[in-house]
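Numbering-wise (the working numbering), the sequence shown opens with residue 22 and increments by one.
For glycine and all other residues, C-beta sits at the position ideal for the given N, C-alpha and C.
Everything numeric in this text was worked out from a predicted model, so none of it was measured.
Below you'll find the structure, written out as structure tokens, and then a few comments.
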Amino acid sequence: PCKQAKKWVSPGYFSLSQADTGKNLVTLPYTTATATLRSDETIWLEPEVIFSGPRHAFEFPQINYKKYSGKPYTYTYGLGLNHFVPDRLCKLNVKTKETWVWQEPDSYPSEPIFVSHPDALEEDDG
Numbered sequence: 022p023c024k025q026a027k028k029w030v031s032p033g034y035f036s037l038s039q040a041d042t043g044k045n046l047v048t049l050p051y052t053t054a055t056a057t058l059r060s061d062e063t064i065w066l067e068p069e070v071i072f073s074g075p076r077h078a079f080e081f082p083q084i085n086y087k088k089y090s091g092k093p094y095t096y097t098y099g100l101g102l103n104h105f106v107p108d109r110l111c112k113l114n115v116k117t118k119e120t121w122v123w124q125e126p127d128s129y130p131s132e133p134i135f136v137s138h139p140d141a142l143e144e145d146d147g
């Protein structure tokens with residue numbers, strides 16, 4: 022299982038001749054992920070850890086794919102594991118790192134699938 026959920030950020034399109042070697046190419050204000058241009062003209066990516074817990078994992082992440090596939094999104098949903106036992110469902114705000122957990126005694130959920138409310142106005146209305 023994945024003990025951490027990480028966010029990687031690609032710098033998008035830029036001109037190598039206008040970029041400074043060793044400088045972070047990520048300009049988004051809401052992430053600590055970096056993309057650094059190296060002297061051999063490769064880009065080194067370092068992720069931002071958005072979920073981490075001792076003996077816990079966040080597996081099978083899902084988003085509201087119908088509306089947010091390929092677009093910026095705020096929420097992801099995953100199966101929470103405790104010592105390799107799937108015993109909770111988690112909702113994670115990928116911008117603030119706030120987490121909500123659903124867990125009931127003797128319940129063992131599986132991979133979450135987001136189903137949007139038919140008249141949804143918000144990303145997480147489902």
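Starting from residue i, trace the beta strand (DSSP E) in both directions and tell me its first and last residue.
{"i": "Lys27", "result": "Gln25 to Lys28"}
{"i": "Val70", "result": "Glu69 to Ser73"}
{"i": "Leu58", "result": "Thr55 to Leu58"}
Just the Cα atoms here: how many angstroms apart are residue i and residue j?
{"i": "Lys118", "j": "Ile71", "result": "6 Å"}
{"i": "Leu58", "j": "Thr48", "result": "14 Å"}
{"i": "Thr55", "j": "Gln39", "result": "18 Å"}
{"i": "Pro107", "j": "Leu46", "result": "38 Å"}
Taking its Cβ as the centre, do 16 or more other Cβ atoms sit within 10 Å of residue i, making it buried, or is it exposed?
{"i": "Asp30", "result": "The displayed chain sequence assigns Val, not Asp, to residue 30. Val30 should be labelled buried."}
{"i": "Pro139", "result": "exposed"}
{"i": "Thr216", "result": "With the chain represented from 22 up to 147, any question about residue 216 goes unanswered, as that position is not in the structure."}
{"i": "Pro50", "result": "exposed"}
{"i": "Val115", "result": "buried"}
{"i": "Pro133", "result": "buried"}
{"i": "Leu113", "result": "buried"}
3-residue-minimum beta strand (DSSP E) runs that sit fully inside the stretch 79-120, ordered along the chain: 96-103 and 106-114
- Message: Count Cβ pairs between the stretch 72-89 and the stretch 98-116 that sit closer than 8 Å; are there 3 or more?
- Response: yes
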